[in-house]
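Encoded as structure tokens, the structure appears first; notes follow it.
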Amino acid sequence: MEIDIQGVSHTYGKVTALDDISLTLKPGFNILLGPNGAGKSSLFALLTGLQRIGHGNILFNGSTITQNRASIMKSLGVVFQQSTLDIDLTVKQNLAYFASLHGLAPEKSISRISDLLNELDLSDRLNTKIRNLNGGHRRRVELARCLIHQPSTLLLDEPTVGLDIASRQLIHSVVHDLAVKQGVTVLWATHLFEEVSPTDPLAILLNGRLVERDVCSALLTKHQVSDIHQLWDVLTHAN
Amino acid sequence: MMYWRCFVGVLNREMLKFWQQRSRLLSALVRPLLWLFVFAAGFRSALGLSMIPPYETYILYEEYIVPGLAAMIILFNSMQSSLSMVYDREMGSMKVLLMSPVPRSFLLCSKLVANTLVSAIQVYLFFCFALLVDVQLPLMGYVYALPIIALLSIFLGALGLLLANSIKQLENFAGVMNFVIFPMFFLSSALYPLWKMQEASEWLYQVCVFNPFTSGIELLRFGLYEKLAAKELVIVLLVTLITFTFAVRSFRPKPAAAGFGNKSLGKNSA
């Protein structure tokens, strides 16, 4: 799925969270880099239809959420920055609940849960309550939740924040594989430089404005810097 | 099929949560049972009742308050359900619900049906306990009461959804007790017939008459005695429709309050 963000602005009272953002996300791995408070979560709230767009438009394969909500929601898998799991339910109950919200048949739901937990190395946690899981495991369950209905688009808002290296690498590799091998459109929002590789399409968000967008290596060449840290320094001084 | 699976999923989750919170069932029953066994016993002689419809004979106070206490169970359960929605919103799991492809109005309906089921279980358990103080209602009355319990649950559940969306923080929910539950309950015919209220104060009586919860209680009271209170039915249907419409509208996407998420910056971060 192609997502076309067209001139989106969003304010909270007098605070401008997003200022005239235009960005096209094509199938594959796309990174949205920005510090906390840059507007990444605001953009996610608009992309997922949880908040109304103040100005501008977001098109999913040419349609807005208002025009084609059911079909767009079916194709979206989202990991929010804040946990969305029900801590009083088990891993299985949480995943089955989400699967039912997407209309998955019970037998399909069971097989998807089993496959995803195997892939995310969580199969021994099937009947564990979320409140008894550590942060890394909870985040993996979040990822399993967002993948259960096999979406064609993944929106991941800081999916690896606060995780150990093993969990971080696992989540990154699972998502990266989906983007590269299956052509899933991924928007990976992060403030962590080490999650950006030179071949990734990169959009940089600063104070609600999109200050750069291109493949990371092209941006390094354009600004005549050798790594993302230096690129960041150049952009933050310029803006 | 998708709608059905979604409905079953919502219902299943609510029942799981209800089962896990068994103390909730206990407290939902203890409150009306205290009124029935203790308050009613103490006030039986103080609150003499005249013969009023739907009763065809003089009744004990215990019998009078049973429909009101059943409605109280529904009222408290609906508010409890809205409290859990506020909790879901604070915990983030509300987002999961709202990301479903089915329309939000259907999701909210599913929530209300789940709430109705939980309320009905509690009310019928309460009716069983009421038998212990010889409050035995006509057998068919228990059957007629079921759709009324469902209607009341949907009305009060929708009111709860509306409140849940207007309450910004979990801590503010205590205000609902003071400003919604208690006034609704005490300014109704749950504990005393309205003519008694009229004797005390005309304007309080008018407030009680205006309170749609009074109509709900009377509808249930008549239903339990195999009678239809047509005017009350129309009132409850109307307020249910209005409340539900507003509840659904309140769940439409809107510009949110300021909040930019995690403020902490890691060493290796942008």
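These protein sequence lines map, in sequence, to chains E and W.
With the working numbering, the residue at position 70 of the first sequence is 70, and numbering never jumps.
With the working numbering, the residue at position 129 of the second sequence is 129, and numbering never jumps.
Cβ atoms here follow ideal geometry from the backbone N, Cα and C, with glycine treated the same way.
Bear in mind that the values here come from a model prediction, so they are computed numbers and not experimental data.
Rounded straight-line distance, which links the Cα of residue j to that of residue i
i                      : j                      : result
residue 227 of chain E : residue 34 of chain E  : 16 Å
residue 18 of chain E  : residue 49 of chain E  : 15 Å
residue 14 of chain E  : residue 86 of chain W  : 26 Å
residue 103 of chain W : residue 67 of chain E  : 13 Å
residue 154 of chain W : residue 166 of chain E : 48 Å
residue 12 of chain E  : residue 52 of chain E  : 12 Å
residue 179 of chain W : residue 137 of chain W : 33 Å
residue 114 of chain W : residue 196 of chain E : 45 Å
residue 44 of chain W  : residue 163 of chain W : 36 Å
residue 67 of chain W  : residue 181 of chain W : 17 Å
residue 244 of chain E : residue 203 of chain E : Limits of chain E in this structure are 1 at one end and 239 at the other, which puts residue 244 of chain E out of reach.
residue 208 of chain W : residue 40 of chain W  : 21 Å
residue 107 of chain E : residue 143 of chain E : 20 Å
residue 25 of chain E  : residue 143 of chain W : 57 Å
residue 110 of chain W : residue 72 of chain E  : 22 Å
residue 169 of chain W : residue 127 of chain E : 31 Å
residue 233 of chain E : residue 208 of chain E : 18 Å
residue 75 of chain E  : residue 8 of chain E   : 21 Å
residue 239 of chain W : residue 181 of chain E : 54 Å
Neighbouring residues, chain E, relative to residue i (Cβ below 7 Å)
i                      : result
residue 15 of chain W  : The premise fails here: residue 15 of chain W is roughly 11 Å from chain E at the closest Cβ pair, so nothing lies under 7 Å.
residue 6 of chain W   : 100, 101, 103
residue 2 of chain W   : 103
residue 169 of chain W : Residues of chain E passing the Cβ test: none, with the nearest at roughly 15 Å.
residue 9 of chain W   : 97, 100, 101
residue 253 of chain W : 49, 50, 51, 52
Neighbour list for residue i in chain W, Cβ cutoff strictly below 8 Å
i                      : result
residue 74 of chain E  : 101
residue 250 of chain E : The structure shown has nothing for residue 250 of chain E, since chain E only spans 1 to 239.
residue 203 of chain E : Here the premise fails: no neighbours, minimum Cβ distance about 12 Å.
Residue i - DSSP class collapsed to helix/strand/coil
i                      : result
residue 226 of chain E : coil
residue 30 of chain E  : strand
residue 260 of chain W : Because the pLDDT of residue 260 of chain W is 32, which lies under 50, any placement of that residue in the model is unreliable, and the number read from its coordinates should be weighed accordingly. It is coil, neither helix nor strand.
residue 17 of chain E  : strand
residue 119 of chain E : helix
residue 77 of chain E  : strand
residue 90 of chain E  : strand
residue 95 of chain E  : helix
residue 180 of chain W : helix
residue 215 of chain E : strand
residue 135 of chain W : coil
residue 88 of chain W  : helix
residue 69 of chain E  : helix
residue 187 of chain E : strand
residue 266 of chain W : Only weak support exists for where residue 266 of chain W lies, its pLDDT of 34 falling under 50; the coordinates are left without a value.
residue 241 of chain E : The displayed coordinates of chain E run from 1 to 239. Any statement about residue 241 of chain E would go beyond what the structure contains.
residue 156 of chain E : strand
residue 4 of chain E   : strand
residue 57 of chain W  : coil
residue 191 of chain W : coil
residue 69 of chain W  : helix
residue 108 of chain W : helix
Exposure of residue i, with buried meaning 16 or more beta-carbon neighbours within 10 Å
i                      : result
residue 122 of chain W : buried
residue 137 of chain E : buried
residue 189 of chain E : buried
residue 84 of chain E  : buried
residue 200 of chain E : buried
residue 102 of chain E : buried
residue 218 of chain W : buried
residue 64 of chain W  : buried
residue 175 of chain W : exposed
residue 78 of chain E  : buried
residue 80 of chain E  : buried
residue 8 of chain W   : exposed
residue 96 of chain W  : buried
residue 252 of chain W : exposed
residue 165 of chain W : buried
residue 151 of chain E : buried
residue 1 of chain W   : exposed
8 Å Cβ cut-off: residues of chain E touching residue i
i                      : result
residue 97 of chain W  : 101
residue 122 of chain W : In chain order: nothing, as chain E lies at least about 20 Å away.
Residue i: contacting residues in chain W (beta-carbon distance under 7 Å)
i                      : result
residue 78 of chain E  : 99
residue 218 of chain E : Within chain W, no residue comes near residue 218 of chain E; the closest Cβ sits about 19 Å away, beyond 7 Å.
DSSP beta-bridge partners of residue i
i                      : result
residue 9 of chain E   : E:55
residue 203 of chain E : E:32, E:213
residue 63 of chain E  : E:60
residue 129 of chain E : E:90
residue 242 of chain W : According to DSSP, which records beta bridges pairwise, residue 242 of chain W is partnered with nothing at all.
residue 23 of chain E  : E:5
Contact list for residue i against chain E, beta-carbon separation under 9 Å
i                      : result
residue 321 of chain W : This structure cannot speak to residue 321 of chain W, because chain W is shown only from 1 to 270.
Per-residue contacts from residue i into chain W (C-beta, under 9 Å)
i                     : result
residue 85 of chain E : 91, 92, 93, 96
Distance cut-off 7 Å: residue i Cβ against heavy atoms of the ligand FAD
i                      : result
residue 164 of chain E : Among the components modelled here there is no ligand, and therefore nothing to report on the ligand FAD.
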